[in-house]
Amino acid sequence: MTTMTNDTLNRLFEAFNAHDIDAVMSYFADDIVFDTVAGEQAHGTRIEGRDDVKAAFENTWGTMPDVQWINGRHYVVQGGERIVSESTFVATRPDGKRIEADGVDLFSVREGKIIRKQAFRKQRPAFDPR
94 MTTMTNDTLN
104 RLFEAFNAHD
114 IDAVMSYFAD
124 DIVFDTVAGE
134 QAHGTRIEGR
144 DDVKAAFENT
154 WGTMPDVQWI
164 NGRHYVVQGG
174 ERIVSESTFV
184 ATRPDGKRIE
194 ADGVDLFSVR
204 EGKIIRKQAF
214 RKQRPAFDPR
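Residue numbers (the working numbering): 94 to 223.
Given below as structure tokens:
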């Protein structure tokens, strides 16, 4: 893979929704930097390196086993070096409350691999699904 396309991004999000860690990680470079949606810093929590990013994704799936990123739309710009990806994050927290939030990921790409993932989310309070 040398460039990212909409089809590539659709396959990445299908892998996320299937909770297929090996497929997901095949899109990321070894030196990946992931800025999460929350944390003490303005950029959220920064996770660096393939192993730690992999563990973070697996933790999300373990904590919220029904998590999905739906309604994905992707915009590839700067010759495939930057991607804006919109989706809706849906999941049930361990306390049974539901999360539904529109979000954006900004991806930076080098030689066909994602080297940075910046996650942003518009999140309303969790709600009781009943």
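Glycine included, every Cβ here is placed at the ideal spot set by N, Cα and C.
Residue i - partner residues in DSSP beta bridges
| i | result |
| --- | --- |
| Lys215 | Asp195 |
| Gly172 | In DSSP, Gly172 forms no bridge with anything. |
Contacts around residue i, its chain only, beta-carbon distance under 7 Å, and the 5 residues preceding and following it disregarded
| i | result |
| --- | --- |
| Arg143 | Met118, Phe121, Asp123, Ile125 |
| Asn99 | His167, Val169 |
| Pro187 | Thr156 |
| Ala108 | Ala116, Val117 |
Own chain residues within Cβ distance below 6 Å of residue i, not counting five before or after
| i | result |
| --- | --- |
| Val197 | Glu179, Phe213 |
| Val130 | Gly137, Ala212, Arg214 |
Simplified DSSP state of residue i, which is helix, strand or coil
| i | result |
| --- | --- |
| Thr101 | helix |
| Val160 | coil |
| Asp115 | helix |
CB contact flag (residue i, residue j, <8 Å)
| i | j | result |
| --- | --- | --- |
| Met97 | Gly165 | no |
| Lys210 | Asp195 | no |
| Ala174 | Val146 | It should be pointed out that residue 174 corresponds to Glu in this sequence rather than to Ala. Cβ distance not < 8 Å, so Glu174 and Val146 don't count as in contact. |
| Ile114 | Phe127 | no |
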